[in-house]
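Just below is one structure, and these are the notes that go with it.
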Amino acid sequence: MFSAQGIGFRDRADRVVLDESCAAVTMIQLKSILNCIDNSGAALVECALVIGQKRAARVGDRIVVVVKEHRSAGASGMTGMSSANKVRRGDIRHAVVVRTKYPMQRRDGSQVKFDDNACVLLNKAGDPVGSRINGVVGSELKRKKWSKILSMAPMNV
1 MFSAQGIGFR
11 DRADRVVLDE
21 SCAAVTMIQL
31 KSILNCIDNS
41 GAALVECALV
51 IGQKRAARVG
61 DRIVVVVKEH
71 RSAGASGMTG
81 MSSANKVRRG
91 DIRHAVVVRT
101 KYPMQRRDGS
111 QVKFDDNACV
121 LLNKAGDPVG
131 SRINGVVGSE
141 LKRKKWSKIL
151 SMAPMNV
């Protein structure tokens, strides 16, 4: 059923033993933790729903997220949420996936994968909540009509 090169193999007790490579090769799905790379105030978010009839999301797909951790606005000495943060812990927002660890096959035959899973938060109108994006984004966003995010990013790969 399983091969030694694929997902795993069976040992003597007929248990499935997974390869080291299959632990990190998952797309964005329910309960996945992502970095938020805009300046909206969120640091880590958790995927609550993949929008559309899909089980997993790739670069350019829209998802619903819950803010798990938010960034402190600065060294003002105040605890809690600052007025600079646009989101707070527990907020439910829409987001678009901009980077995934899962390798993406491009039309020219090359493969691209990133070091982390990342997203950008969106408001109800579908525009980015933040005004700045920190880090690179995938150029697959161009095909999926996210040109505003591409123009805000410092570099696309």
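Per full-length UniProt numbering, the sequence shown runs over residues 1 to 157.
Even for Gly, the Cβ is constructed at its ideal location relative to N, Cα and C.
Excluding the five sequence neighbours on either side, which residues of its own chain have a C-beta within less than 8 Å of the C-beta of V96, listed in chain order? G60, D61, R62, I63, C119, V120, L122, L141, W146 and I149
Option in P154, V129 and R89 with minimal Cα separation from S40: V129
Ordered along the chain, which non-local residues of its own chain (more than five positions away) have a Cβ less than 7 Å from that of H94? R62, V64 and L122
DSSP has residue 162 in a bridge; who is on the other side? Because the chain is modelled from 1 through 157, residue 162 falls outside the range shown and cannot be assessed.
Here's a check: name, in chain order, each residue in its chain whose Cβ is nearer than 7 Å to the Cβ of I51, leaving out the five neighbours to either side. R62, I63 and V64
For K31, which residues of its own chain have a beta-carbon under 7 Å away from its beta-carbon, when the five flanking residues on both sides are left out? E46 and C47
What residue does the alpha helix (DSSP H) around L121 start on, and which one ends it? Not the alpha helix (DSSP H): L121 falls in the beta strand (DSSP E), residues A118 to L122.
Where do the N-terminal and C-terminal ends of the alpha helix (DSSP H) with I149 fall, by residue? S147 to M152
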